[in-house]
Amino acid sequence: MISRWLWRAGWLLLPAAWLLHRFVHNEALVFFVACASLVPLAKTMGDATETLAERMGPAAGSLLNATFGNAAELILGISALRHGHVDLVKGSVTGSILANLLLVGGGSIVTGGIRFSRLRFNRLAASSNVATLFLAVVAMVVPTLLSLGSNPRFDPALLSEEICAVLMVMYALSLWFSLRTHREHVSSPRQDSAETSAAAARRRAPAHKRRVAVELGRLLGAAAATALASEILVDALGGTVTALGLPETFVGVVIVAIVGNAAEHSTALLFANRGDMDVALGIAWESSKQIALLVAPLLVIAGVILGVPMDLAFSRFEVVALGISVIALALIALDGETHWLEGAFLLAVYAVLGLGFFFVG
15 MISRWLWRAG WLLLPAAWLL HRFVHNEALV FFVACASLVP LAKTMGDATE
65 TLAERMGPAA GSLLNATFGN AAELILGISA LRHGHVDLVK GSVTGSILAN
115 LLLVGGGSIV TGGIRFSRLR FNRLAASSNV ATLFLAVVAM VVPTLLSLGS
165 NPRFDPALLS EEICAVLMVM YALSLWFSLR THREHVSSPR QDSAETSAAA
215 ARRRAPAHKR RVAVELGRLL GAAAATALAS EILVDALGGT VTALGLPETF
265 VGVVIVAIVG NAAEHSTALL FANRGDMDVA LGIAWESSKQ IALLVAPLLV
315 IAGVILGVPM DLAFSRFEVV ALGISVIALA LIALDGETHW LEGAFLLAVY
365 AVLGLGFFFV G
């Protein structure tokens, strides 16, 4: 586990990235320092969101978590769209889903499996996430296949906007499922204890209000800093891709996706080490679902507003990779138990797909 002082020291990376961007003409160095600065910023946003969620009660708190859980990826995506880096944005969407399902999921299972021979988790939560992510794959397959044809009437942007409406409705329904109709079947002990903490905090009203104001300030400050780091990162992207010979899609799928989710990765591994697989895998699955059903549609909407052709017509290899990841998740998750070897299998799938993106991109 990375110590608290190291997370705090990570805040120094943002001013370092800004100074390098202004005074040092080495775009690759600027890019990687800016990438690294996103890690503590994402953690700060996540911690502030979680604290606010605990203090606002289960319904409002879960909605807040759903809205801001992947705010760093959304901010970075909008910044990249403003500069016309559509391939980077699509790659980061694909990469975030792959990293959460395969890298975080596999790493969590291996970490937990080292200490416990058999690991059990909520089958209903697993099956609902598999179904939701299958929908995300379908939503990308349809415009991708149609874009390969020669029908002059086909408008990928218009189709993507309509599909995004479907995805966002399904995201709202999935929240209703997990927060209302089947809450007792899919909630984890961590959620239950959070509700108890929230009730106790609300009884201390004055201190509660001050704490909410502080955490809201942290959230907004970290969001503003993330926007600055994203601008620096995107500005340095072109020179970095040229200098290192890396495809832009590979940068989005692997580098940006891993960095953007690093804070969540460490939290999931921490809970996996304790044997709490419902929380560890829930972090990975919920983040993937949020990226697919909320962040991706919001980025398409942002593209419309900015006049950038952002749609859901991904590359064929991206769609295949997402399909493979959902199949791998189904093979592992639907029996409600796992062990370290299955975690290693997920990590191996991620490694193979990562190599594929390097050569395809």
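Each residue of the sequence shown is one higher than the one before, counting from 15 in the working numbering.
We put the beta carbon where it would ideally sit given N, CA and C, even for glycine.
Since this is a predicted model, take the numbers as computed values, not measurements.
(message) Relative to the C-alpha of P157, which candidate in F148, P170, N275 has its C-alpha closest?
(response) P170
(request) Mind checking which residues open and close the alpha helix (DSSP H) that includes N40? (result) Unbroken run through N40: none, as it is neither H nor E.
(request) Report yes or no: do the segment 136-153 and the segment 337-350 share at least 3 C-beta pairs separated by less than 8 Å? (result) yes
(message) Distance cutoff 9 Å, beta carbons only. Does G289 sit that close to anything in chain C?
(response) Given the protein chain composition of this structure (a single chain), no chain C is represented.
(message) What ranges does the alpha helix (DSSP H) occupy inside the segment 277-330, keeping only unbroken runs of at least 4 residues that lie completely in it?
(response) 291-304, 310-320
(request) Give the DSSP-derived three-state secondary structure of R225 in the structure shown. (result) helix
(message) Assuming contact is defined by CB atoms lying nearer than 9 Å, are E262 and D101 in contact in what I supplied?
(response) yes
(request) State the beta-bridge partners of R134 as determined by DSSP. (result) E351
(message) Does L295 pass the burial test, meaning 16 or more other C-beta atoms within 10 Å, or should it be called exposed?
(response) buried
(request) Kindly give me the distance between the Cβ atoms of V153 and L181, rounded to whole angstroms, as I take these residues to be in contact under 8 Å. (result) Per the sequence shown, the amino acid found at residue 153 is Ala instead of Val. At roughly 6 Å, the Cβ-Cβ gap stays under 8 Å, so A153 and L181 are in contact.
(request) Use the C-beta contact count for A271: other C-beta atoms within 10 angstroms, 16 or more gives buried, fewer gives exposed. (result) buried
(message) Given a cut-off of 9 Å on the beta-carbon distance, is the pair A48 and L247 in contact?
(response) yes
(request) Select from H97, H35, A286, E300 the residue whose C-alpha is nearest the C-alpha of L189. (result) E300
(request) Let me know if R132 comes out buried or exposed under the rule of 16 or more other beta-carbons within 10 Å of its beta-carbon. (result) exposed
(request) Can you tell me which of the three DSSP states D169 falls into? (result) coil
(request) Compare the Cα-Cα distances from H298 to each of H279, G252, L33 and report the closest residue. (result) Checking the sequence, you will find Ala at residue 298 rather than His. Ranking H279, G252, L33 by Cα distance to A298 puts H279 first.
(message) Within the continuous alpha helix (DSSP H) that includes A113, where are the two ends?
(response) Neither: A113 is in no alpha helix (DSSP H) and is coded neither H nor E.
(request) Tell whether a beta-carbon distance below 9 Å holds between V268 and G98. (result) no
(request) Find the nearest neighbour of P54 within the set G127, L28, F45, L308, judged by alpha-carbon distance. (result) L28
(request) Report all residues from its chain with a CB closer than 6 Å to the CB of F168; omit the five preceding and five following residues, and keep chain order. (result) L160
(message) Looking at A94: is its Cβ nearer than 9 Å to the Cβ of L52?
(response) no
(request) Would you mind working out which of E175, F373, F285, L308 sits nearest G91, comparing C-alpha positions? (result) L308
(request) Compare the beta carbon distance of L34 and L43 with 9 Å and say whether it is the shorter of the two. (result) yes
(request) Please report how far the alpha carbon of A150 lies from the alpha carbon of F37, in whole angstroms. (result) 43 Å
(request) List the endpoints of the continuous alpha helix (DSSP H) containing V270. (result) Counting along the chain, V270 falls outside any alpha helix (DSSP H), and DSSP gives it neither H nor E.
(request) Mind the definition here: the segment 326-342 touches the segment 224-235 only if three or more C-beta pairs lie below 8 Å; say whether that holds. (result) no
(request) Between the Cα of A365 and those of L115, F45, R69, spot the shortest distance and give me the residue it belongs to. (result) L115
(message) Using 8 Å as the cut-off, can you tell me whether the segment 321-340 makes contact with the segment 282-294, which would need three or more C-beta pairs spanning the two stretches below that distance?
(response) no
(message) Can you give me the C-alpha to C-alpha distance between G253 and T65, rounded to a whole angstrom?
(response) 39 Å
(request) May I have the straight-line CA-CA distance separating G368 from V107, to the nearest angstrom? (result) 14 Å
(message) Cutting at 7 Å between CB atoms, please list the residues of its own chain near G127, excluding the five before and the five after it.
(response) L133, H353, W354, G357
(message) Using 8 Å for Cβ pairs, my map puts S302 next to L117. What's the rounded Cβ distance?
(response) So it is not a contact: roughly 11 Å between Cβ atoms.
(request) For F45, count neighbouring Cβ atoms within 10 angstroms of its own Cβ and tell me buried if that reaches 16, exposed if not. (result) buried
(message) According to DSSP, simplified to helix, strand and coil, what is G259?
(response) coil
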